[in-house]
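Peer 1:
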Amino acid sequence: MLTLEQVRALEARVEKAVSLIYTLRTENTSLRTGLAAAEKRVAELEGLVQDFQKDQERIEEGIVEALRKLDAFEDAVQGNAVQQSSVPDTVQAKPVVDHADEEPLEATPEVSEEAPAADADLDIF
(Lines of atoms letter the chains of each structure in order from A and count residues from 1; the text may use other names and numbers.)
(Lines give C-alpha, C1' and ligand atoms only; values in the text may rest on other atoms or scores of the structure.)
Protein backbone atom coordinates (compact mmCIF):
# COMPACT_ATOMS: atom_id res chain seq x y z
CA MET A 1 0.00 0.00 0.00
CA LEU A 2 1.17 3.49 -0.77
CA THR A 3 1.85 5.83 2.01
CA LEU A 4 1.09 9.52 2.07
CA GLU A 5 4.80 10.33 1.96
CA GLN A 6 5.33 8.25 -1.18
CA VAL A 7 2.43 10.02 -2.91
CA ARG A 8 3.80 13.45 -1.96
CA ALA A 9 7.30 12.48 -3.17
CA LEU A 10 5.81 11.24 -6.44
CA GLU A 11 3.80 14.47 -6.78
CA ALA A 12 6.95 16.57 -6.20
CA ARG A 13 8.82 14.60 -8.86
CA VAL A 14 5.98 15.05 -11.36
CA GLU A 15 5.84 18.80 -10.67
CA LYS A 16 9.61 19.00 -11.09
CA ALA A 17 9.40 17.08 -14.41
CA VAL A 18 6.56 19.32 -15.66
CA SER A 19 8.56 22.42 -14.73
CA LEU A 20 11.63 21.07 -16.52
CA ILE A 21 9.57 20.21 -19.62
CA TYR A 22 8.11 23.75 -19.68
CA THR A 23 11.59 25.27 -19.33
CA LEU A 24 12.97 23.06 -22.12
CA ARG A 25 10.06 23.89 -24.44
CA THR A 26 10.56 27.62 -23.82
CA GLU A 27 14.27 27.27 -24.50
CA ASN A 28 13.54 25.20 -27.63
CA THR A 29 11.18 27.89 -28.95
CA SER A 30 13.76 30.57 -28.24
CA LEU A 31 16.49 28.59 -30.00
CA ARG A 32 14.26 27.96 -33.03
CA THR A 33 13.49 31.69 -33.26
CA GLY A 34 17.20 32.50 -33.03
CA LEU A 35 17.99 29.89 -35.67
CA ALA A 36 15.39 31.34 -38.04
CA ALA A 37 16.82 34.84 -37.55
CA ALA A 38 20.37 33.54 -38.11
CA GLU A 39 19.34 31.69 -41.28
CA LYS A 40 17.63 34.83 -42.56
CA ARG A 41 20.78 36.86 -41.87
CA VAL A 42 22.93 34.23 -43.62
CA ALA A 43 20.69 34.46 -46.69
CA GLU A 44 21.01 38.28 -46.66
CA LEU A 45 24.79 38.07 -46.35
CA GLU A 46 25.01 35.52 -49.15
CA GLY A 47 23.05 37.93 -51.34
CA LEU A 48 25.46 40.73 -50.45
CA VAL A 49 28.43 38.50 -51.24
CA GLN A 50 26.96 37.72 -54.65
CA ASP A 51 26.37 41.43 -55.28
CA PHE A 52 29.95 42.23 -54.27
CA GLN A 53 31.27 39.48 -56.53
CA LYS A 54 29.27 40.86 -59.46
CA ASP A 55 30.54 44.37 -58.72
CA GLN A 56 34.09 43.07 -58.46
CA GLU A 57 33.77 41.33 -61.82
CA ARG A 58 32.50 44.55 -63.41
CA ILE A 59 35.35 46.52 -61.85
CA GLU A 60 37.89 43.98 -63.08
CA GLU A 61 36.38 44.09 -66.57
CA GLY A 62 36.57 47.89 -66.50
CA ILE A 63 40.20 47.81 -65.43
CA VAL A 64 41.07 45.27 -68.13
CA GLU A 65 39.29 47.41 -70.73
CA ALA A 66 41.10 50.55 -69.54
CA LEU A 67 44.44 48.73 -69.71
CA ARG A 68 43.59 47.48 -73.20
CA LYS A 69 42.82 51.04 -74.30
CA LEU A 70 46.04 52.31 -72.73
CA ASP A 71 47.99 49.61 -74.56
CA ALA A 72 46.34 50.57 -77.84
CA PHE A 73 47.07 54.25 -77.18
CA GLU A 74 50.68 53.46 -76.30
CA ASP A 75 51.04 51.38 -79.46
CA ALA A 76 49.56 54.22 -81.52
CA VAL A 77 51.92 56.77 -79.96
CA GLN A 78 54.93 54.54 -80.51
CA GLY A 79 53.76 53.84 -84.06
CA ASN A 80 53.54 57.57 -84.78
CA ALA A 81 56.98 58.13 -83.28
CA VAL A 82 58.44 55.38 -85.45
CA GLN A 83 56.71 56.76 -88.55
CA GLN A 84 57.94 60.30 -87.88
CA SER A 85 61.51 59.17 -87.33
CA SER A 86 61.48 57.07 -90.50
CA VAL A 87 60.27 59.94 -92.75
CA PRO A 88 63.16 61.19 -94.93
CA ASP A 89 64.71 64.55 -94.02
CA THR A 90 63.72 66.01 -97.37
CA VAL A 91 60.06 65.58 -96.55
CA GLN A 92 60.45 67.01 -93.06
CA ALA A 93 62.46 70.02 -94.20
CA LYS A 94 60.53 73.28 -94.06
CA PRO A 95 61.18 76.11 -96.49
CA VAL A 96 63.40 78.87 -95.16
CA VAL A 97 61.56 82.18 -94.83
CA ASP A 98 63.51 85.42 -94.96
CA HIS A 99 62.47 87.57 -91.99
CA ALA A 100 64.75 90.49 -92.82
CA ASP A 101 61.85 92.77 -93.71
CA GLU A 102 59.96 92.12 -90.49
CA GLU A 103 60.26 94.24 -87.37
CA PRO A 104 62.11 92.64 -84.48
CA LEU A 105 59.97 91.31 -81.67
CA GLU A 106 60.12 92.86 -78.24
CA ALA A 107 62.20 90.99 -75.73
CA THR A 108 60.03 88.83 -73.54
CA PRO A 109 61.15 87.05 -70.43
CA GLU A 110 61.70 83.40 -71.08
CA VAL A 111 59.08 81.15 -69.61
CA SER A 112 60.19 77.67 -68.89
CA GLU A 113 57.57 75.29 -70.08
CA GLU A 114 58.96 71.90 -69.35
CA ALA A 115 57.33 69.11 -71.23
CA PRO A 116 56.31 66.17 -69.08
CA ALA A 117 58.67 63.26 -69.24
CA ALA A 118 57.77 60.75 -71.91
CA ASP A 119 57.98 57.88 -69.47
CA ALA A 120 56.00 59.58 -66.68
CA ASP A 121 53.17 57.47 -65.28
CA LEU A 122 49.63 58.57 -65.91
CA ASP A 123 47.72 59.38 -62.74
CA ILE A 124 44.23 58.08 -63.44
CA PHE A 125 42.99 57.91 -59.87
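When we follow the working numbering, the leftmost residue of the sequence shown carries the number -3, and every step to the right adds one.
Virtual Cβ for every residue (Gly too), placed ideally from N, Cα, C.
Could you give the DSSP three-state label for Leu0: helix, strand or coil?
Peer 2: Looking at Leu0 - three-state DSSP - the assignment turns out to be helix.
Peer 1: Taking the C-alpha atoms as reference points, what is the distance between Ala62 and Glu40?
Peer 2: One C-alpha to the other measures close to 33 Å.
Peer 1: What is the rounded straight-line gap between the Cα of Val10 and the Cα of Asp47?
Peer 2: Their backbone Cα atoms lie some 55 Å apart in a straight line.
Peer 1: Measuring only the C-alpha atoms, how far is Leu31 from Ala8?
Peer 2: About 34 Å.
Peer 1: What's the gap between the Cα of Glu56 and the Cα of Arg64?
Peer 2: So the alpha carbons of these two residues sit roughly 12 Å apart.
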